[in-house]
Every structure is written in C-alpha cells, then in structure tokens.
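Colleague: Mature numbering (1 follows the signal peptide of the UniProt record, and there is no 0) puts the sequence shown at residues -20 to -1, 1 to 283.
Beta carbons are placed, not taken as given, at the ideal position from N, Cα and C, and that holds for glycine.
Quantities reported herein were computed from a predicted structural model and do not represent experimental measurements.
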Amino acid sequence: MKPSFAFLLLMLGAVMNVQPAREKASLLYPYGPDQHDHKNPKLDDGSSKKLSLSVPFTFYSKEYQKLYVRYHNHVKVLTTCDRAPREVAATSGLTWGLSQVNNNGVISFDTRVNQYTPDPFPLADGRSFVAPYWGDVDNVRGGDVYYRETTDPTLLTRITKNINEYFPRIPFTATWAFVATWDHVAYYGSTSDKGNTFQATLTTDTKTSFIILNYWDIQWTTGEASGGDSETGLGGTPAHAGFNSGDETNFYNIPGSQTEAIINITKTSNVNVPGRWVFQVDEFKVTGVPTEVPKVADSNNCW
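#1: Could you name each continuous beta strand (DSSP E) segment of 3 residues or more that falls completely within the region 76 to 119, going from the start of the chain to the end?
#2: Tell me the residue span of the alpha helix (DSSP H) that contains ASN142.
#3: Going by DSSP, what residue range makes up the alpha helix (DSSP H) through LEU7?
#4: Just the Cα atoms here: how many angstroms apart are LEU136 and THR130?
#5: First and last residue of the beta strand (DSSP E) that includes GLY175?
#6: Tell me, please, whether the region 158 to 177 touches the region 141 to 150 by the rule of three or more beta-carbon pairs shorter than 8 Å.
#7: Could you please give the first and the last residue of the uninterrupted beta strand (DSSP E) stretch that includes ASP262?
#8: Helix, strand or coil: which one does DSSP assign to PRO65?
#9: Are the beta-carbon atoms of ILE198 and THR246 separated by less than 8 Å?
#10: Can you name the residues that DSSP bridges to GLN179?
#11: Using 8 Å as the threshold, is the C-beta distance between VAL110 and ILE87 below it?
#12: Measuring straight from C-alpha to C-alpha, what distance separates PRO13 and SER6?
#13: Taking all protein chains shown into account, decide if VAL261 is buried (16 or more other Cβ within 10 angstroms of its Cβ) or exposed.
#14: Pick helix, strand or coil for ALA219, following the three-state DSSP scheme.
#15: Take every Cβ of the region 194 to 210, pair it with every Cβ of the region 166 to 186, and state whether three or more of those distances are shorter than 8 Å.
#16: Could you check if HIS220 is buried or exposed, using at least 16 other CB atoms within 10 Å of its CB as the buried criterion?
#17: Please classify ASP124: does DSSP put it in a helix, a strand, or coil?
#18: I believe GLY207 touches GLY216 by the beta-carbon criterion, under 8 Å. Please report the beta-carbon distance rounded to the nearest angstrom.
#19: Secondary structure at LYS22, three-state DSSP: helix, strand or coil?
#20: Roughly how many whole angstroms lie between the Cα atoms of GLY203 and ALA166?
#21: Do the CB positions of ASN119 and ASN20 come within less than 8 Å of each other?
#22: For ASN244, which option in GLY169, VAL251 and GLY255 has the closest C-alpha, if you only look at C-alpha atoms?
#23: Under the three-state reduction of DSSP, which class applies to LYS247: helix, strand or coil?
#24: With 16 other CB atoms within 10 Å as the buried threshold, where does ARG149 fall?
#25: Suppose contacts are defined by Cβ-Cβ distances below 8 Å. Is residue 325 in contact with GLY226 by that definition?
#26: The beta strand (DSSP E) that contains ASN233, what's its start and end?
#27: Could you check which residue in PHE89, LEU103 and SER172 has the C-alpha nearest to that of ARG121?
#28: Straight-line CA distance for THR60 to PHE89?
#29: Using only CA atoms, which one of ALA104, GLY115 and TYR40 lies nearest to THR239?
#30: Are ALA205 and TYR96 close, meaning C-beta to C-beta below 8 Å?
#31: Compare the C-alpha of PRO102 against each of VAL266, PRO235 and THR229 and name the closest.
#32: On a Cα-Cα basis, can you pick out the residue from SER34, VAL266, TYR113 and ASP132 that is closest to ILE242?
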C-alpha cells in the first residue's frame, strides 16, 4: 500500500524540523575533574578557601582584587575589595581577584548576591555582577558547579580564535581565562530529574576583557521558592541572564530574561552560534543582539 500524500507531507515536516546534532564539546569549553576544576560543596552551609587571581579582570571599567568564597545552599556569601589601578600597580606581590561563583548562577563583583529569586536589572543597590543564569539552583538535589583559573595554551588558543571570529576589528590574544560551569544542576524543590548545563568564561589580554556565556541544556527556569512548579521547574519568576554594572545605569538583559522564553536561550545568540552570547566587558559593549525575544518553548522542548 502506497503512503498517502498527507503522510508524506507529515514526514517531510518532521524531517525539516530536525536540528543538526551538536557535540557538547563544540559549545562548552572543557571542565570538570579532568581539568582540575574546583567544585562547590554540596552543603547548606560550607566554605571554600580564599581565592586569588593572577591577573586583573576589568568589568565596566573597574578592576577587582581579592576575594573569598563561602557557600550556602540559599545564601552564598562573598567579600571583595578593590583599589584604584595605580595604587594596586604600586603594591608589590599583590594578587588580583574575581568575585564569587554562586551556586545560583551568578558571578559577582565587589559585593554579595544573596537571593535566589532574580531581580530585574538595573539593580538599585549598586551590586556589580554577571548572571549567566540567575535562578534557584540546588546542587544538593543534583548537579555540580565547577570553576578554575587557567592559562592553558590549548584553551587560550581556542578562546582567542573564537573572539577574533566574533570581534575581528578588536586585536585580542587571550592570556588568561576563568571558567565556571554549572553541570546538570537541579532547581530548589525539584521532584524531577531535570538539570541545566551552562557556562561562563571570563578572559582577558590584561587590557581588553570578554565574557563568553554558553548554554548547552536548559530544562528548567524556576525553583519552587520562586513560585515555580516542583515537577516542571517552570512558572513563577523565571531565571535572569545578563549583566549589571552596579552604577544603576549600565546594564544588559539577554532577551527572554525573567520570562518563560528564557528556556529557549540555547537557541539564541549574538554571535550566530546557538546557545552562545559573547560580550566585551572592560568597557561594556553590546553587538549583534537579535531584535526579537525568543519564542516560548513548546511541550516537546521543555522536557
């Protein structure tokens, strides 16, 4: 029996909707124990040793120095201090610091970011941070949060190639990177096995700084304490992705932030690579941003 015309159309539509398969390593930079990453503890109240960076990282025209990281499941505490560049340069033996890798999808500068439900940018309290995916992560229920500082030549070559491709008019050769990865992390109150995998990479040549945000797999938007559904991880106040300078004026929200459409961030980009957003952040500049907010995922894309 020959297939019907309607059946052939249905099959053709199914084939056309199939997206090319990607390898995980093609989007995410290497991470995990094999890369000698540090890992955030799976504790409601744990602490890490003080971290120091070997080079300055400039964010919104400001350099940051010294840090220590303390982790709590819902409150991640950090203190940092910064000095004027001239004063720091005159101090011998000084190491430079990033801020904090928060379990809840934030890398903060200069001050703590306590809450698990995201606030809209700009923030009125002066906090300065990058939010790869600010939501209520619970790594006790599932997943891991990794981070490392690196000058690995292979990785720096790959990052340099990427930045030169996306920003061909800006001379750049990466000399340092900081890679933070949230690997299949669960949401607070979860009764499912859903997990999100995303990554933030900070890189510099000591003068120009970039942040690369990679989104490999996003399955939930909201923890239960933020009004989300415990079974689906949807609803309530969804996650936020973007940058906040801390001066109440300069900020950027990635399209779809704090809406249900943020679950489709794996399909959006400002550099024509689905799931990747890249920004120059020493003097923050936004380029190549799509003009449309991503569409809300249908049921086949949510889980």
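Modeller: On the basis of the supplied data:
#1: Complete beta strand (DSSP E) runs here, min 3: 80 to 82, 86 to 89 and 108 to 114.
#2: Counting along the chain, the alpha helix (DSSP H) containing ASN142 begins and ends at 133 to 146.
#3: Looking at the DSSP string, the run of the alpha helix (DSSP H) that includes LEU7 is 4 to 7.
#4: Pairing LEU136 with THR130, the inter-Cα distance amounts to about 9 Å.
#5: Counting along the chain, GLY175 falls outside any beta strand (DSSP E), and DSSP gives it neither H nor E.
#6: Three or more Cβ pairs closer than 8 Å define a contact, and the region 158 to 177 falls short of that threshold against the region 141 to 150.
#7: No beta strand (DSSP E) contains ASP262, which DSSP labels as neither H nor E.
#8: Below a pLDDT of 50, predicted positions are generally treated as unreliable, and PRO65, at 33, falls in that range; the measurement from the model is reported next regardless. If DSSP states are grouped into helix, strand and coil, PRO65 belongs with the helices.
#9: The Cβ atoms of ILE198 and THR246 lie closer than 8 Å to each other.
#10: Note: GLN179 sits in a beta bridge opposite THR161 and ASN194.
#11: Cβ distance < 8 Å, so VAL110 and ILE87 count as in contact.
#12: Rounded to whole angstroms, PRO13 to SER6 spans 19 Å at the Cα level.
#13: Counting Cβ neighbours within 10 Å, VAL261 comes out buried, since at least 16 surround it.
#14: Correct three-state label for ALA219: coil.
#15: By the Cβ rule, the region 194 to 210 counts as touching the region 166 to 186, because three or more pairs are nearer than 8 Å.
#16: Looking at its Cβ environment, which holds 16 or more other Cβ atoms inside 10 Å, HIS220 is buried.
#17: In this structure, ASP124 counts as strand in the three-state DSSP scheme.
#18: The Cβ separation is near 3 Å, so the contact holds.
#19: Secondary structure of LYS22 (DSSP, three-state): coil.
#20: If you draw a straight line from the Cα of GLY203 to the Cα of ALA166, it is about 9 Å long.
#21: Yes, they are a contact pair.
#22: Nearest option by C-alpha distance: GLY255.
#23: In this structure, LYS247 counts as helix in the three-state DSSP scheme.
#24: An exposed status is given to ARG149, since fewer than 16 other beta-carbon atoms sit within 10 Å of its beta-carbon.
#25: Any answer about residue 325 is impossible in this case: the structure gives the chain only from -20 up to 283.
#26: ASN233: member of the beta strand (DSSP E) spanning 231 to 233, first to last residue.
#27: With distances taken between Cα atoms, ARG121 lies closest to SER172.
#28: Caution is warranted here: a pLDDT of 35 is assigned to THR60, below 50, making its placement in the model unreliable, and the coordinate value is therefore given only provisionally. Each residue's Cα considered, the two are about 7 Å apart.
#29: Checked all of ALA104, GLY115 and TYR40; the closest Cα to THR239 is GLY115.
#30: Result yes, Cβ atoms of ALA205 and TYR96 sit closer than 8 Å.
#31: Minimum Cα distance to PRO102 is reached at THR229.
#32: Closest in C-alpha terms to ILE242, from the list SER34, VAL266, TYR113 and ASP132, comes TYR113.
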